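Written below as structure tokens is the structure these notes are about.
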Amino acid sequence: MAIELDQTSRATVNRFAIKCVVAVLISLFARSNYLLSAARCFELYALLMALIAALTRQRYSAHSFNHWSEALWLAFISAGLQVLSHATA
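Going by our numbering, the sequence shown opens with residue -7, and the numbers climb by one from there.
And the structure:
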């Protein structure tokens, strides 16, 4: 069963995937806890996406992904990594 995404949603998913790879690569160079460093990168990306969504006056849409969706995904990953980091510490 194939899922059809519109152009905006496809671009959002692609940006999200690229940000995930970049955040992991940046956190590899951290001298401290890897998971916490990755969580901080995701957190900064989430804040940046929320700022962009607010400045461009986007609204959360149930029919298409946009910067708000991406900010939520990034924030959830950041929160999950922080919990995992504290659980393994």
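Backbone N, C-alpha and C fix where the C-beta goes; we use that ideal spot for every residue, glycine too. Keep in mind that this is a model prediction, so the values were computed, not measured.
For the set A31, H78, A54, the Cα lying nearest the Cα of L66 is the one of A31. Distance check between R7 and each of F57, S19, A81, N25 places F57 closest, using alpha-carbon atoms only. I69 and V75 have their C-alpha atoms roughly 10 Å apart. The beta carbon of S61 sits closer than 7 Å to the beta carbons of T4 from its chain, once the five residues preceding and following it are set aside; these are given in chain order. Distances from the CA of A79 to each of A9, F21, L20, N25 were compared; the closest alpha carbon is that of N25. In this model, R2 and C33 are separated by some 23 Å (Cα to Cα).
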